[in-house]
Amino acid sequence: MKRFAIGIDIGGTNTAYGLVDDTGHVYGEGVMSTRQYPDVDRYLEELYIGIQQLLKTVDCRCDIVGVGIGAPNANYFRGTIENAPNLPWKGIVPFVEKFRRFFPGKPVLMTNDAKAAAIGEMTFGAARGMKNFIVITLGTGLGSGFVVDGHLMLGHDSLAGELGHVIVNRTGRVCGCGRKGCLETYASATGIKRTVFKLLADHTEDSEFRRITYNDLTAEMITKAALNGDPLAAEAYEYTGMMLGQALADAVAVTSPEAIFLFGGLAKAGKYIFEPTKKYMEMHLLSNFRNKVKLLPSGIEGMNAAILGASALIWQQQAEREA
Ligand SMILES: [Zn+2]
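Under our numbering, residues 122 to 444 are what the sequence shown spells out, in order.
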């Protein structure tokens, strides 16, 4: 009998879900609005209906081994989504407990998207066979998942791996968390936009960015300009890579990874982000770690990465049980 794990990626706008087998093949996908459902119980009913419809399209006798969920502000231990600013549900939502009613007897596991990406990388991606690595997701903010000695690092409250809020400059940029100088205010899609505007203020040369407002500027536009040889865009990436590389050198000293994977929009800039990040990481590494840590692109980056990562929570648990 074919076995599937259900992978669910909950975003502020939409929720994507799919059926994934143990090799990482996605057999069917669906998407629904998150934002339209301020009532979480209604949302879960709709999600369950969507999954049932998806199961009908898979023409075989199949067994669901479990449900893996990636969501912002997810607490792995408690199965709760806690005060997520970008989701319609306020306060602490006992999400797993509510959803488990639809899947009696099956494991339902939930973590945040960066940790799901790390498990996905280990199960289906370029970290297969690795026991120590870090996944950095460069999206609107900066997320991170640390795998140490073969296990996802969760910490006492499952909040471990908040590298995005490690302070890299005590008097630096104001962060959404209310403090100053967090890494994600520099190394993220939002961070590089702020850097472009800082560079425009510091320089007088003409640039295509001078005719674009802050709200209209996107990280994709900066990446495209860098790939087209725009010097200001390249300088913005150099600065972003410097801030990221310096912070990664510190992270390496804590967990001694074999590799660090860059995932998400900014990683698409290729050498414009990888080269400065690697250069500044090496420059600031403790000598024992130099020239040992690989900096690599994600092996699961693409359309299904978030669903794969969420489903991998289940496949990883199955592999541990069967080992
Ligand atoms: Zn912060």
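Positions of the beta carbon are idealized from the N, C-alpha and C atoms, including for glycine.
What did DSSP end up calling PHE224 once you bin it into helix, strand or coil? coil
Can you pull every residue whose C-beta falls closer than 6 Å to some heavy atom of ligand 1, listed in chain order? HIS286, CYS296, CYS298, ARG300 and CYS303
Could you name the residues of the same chain whose beta carbon sits closer than 7 Å to that of MET363, not counting the 5 residues immediately before and after it, in chain order? PRO397 and TYR401
Once DSSP output is grouped into helix, strand and coil, what is the label at ASN425? coil
Using 8 Å as the threshold, is the C-beta distance between ASP160 and PRO193 below it? no
Which partner residues of GLU150 appear in the DSSP bridge assignment? GLY139
Hey, ILE129 and ALA431: beta-carbon distance below 8 Å or not? yes
CA-CA distance, GLU167 and PHE395? 41 Å
Confirm, please, whether the CB-CB distance from VAL269 to LYS227 is below 8 Å. no
Chain-order list of residues whose beta-carbon lies under 6 Å from that of ALA308 (same chain, five-residue window excluded): LEU263, THR361, MET364 and LEU365
Could I get the ranges of all uninterrupted alpha helix (DSSP H) runs contained in the segment 165-222, with 4 residues as the minimum, in chain order? 216-221
Using alpha carbons as the reference points, say which of VAL289, PHE254 and VAL287 lies closest to MET274. PHE254
Have a look at GLU341 and GLY391 and give me their C-alpha separation to the nearest angstrom. 12 Å
Check THR311 in the structure and name its three-state DSSP category. helix
Rounded Cβ spacing between VAL152 and THR136 (contact assumed at less than 8 Å): 7 Å
For ALA390, which residues does DSSP report across the bridge? The partner list for ALA390 (beta bridge, DSSP) is empty, contrary to what the question assumes.
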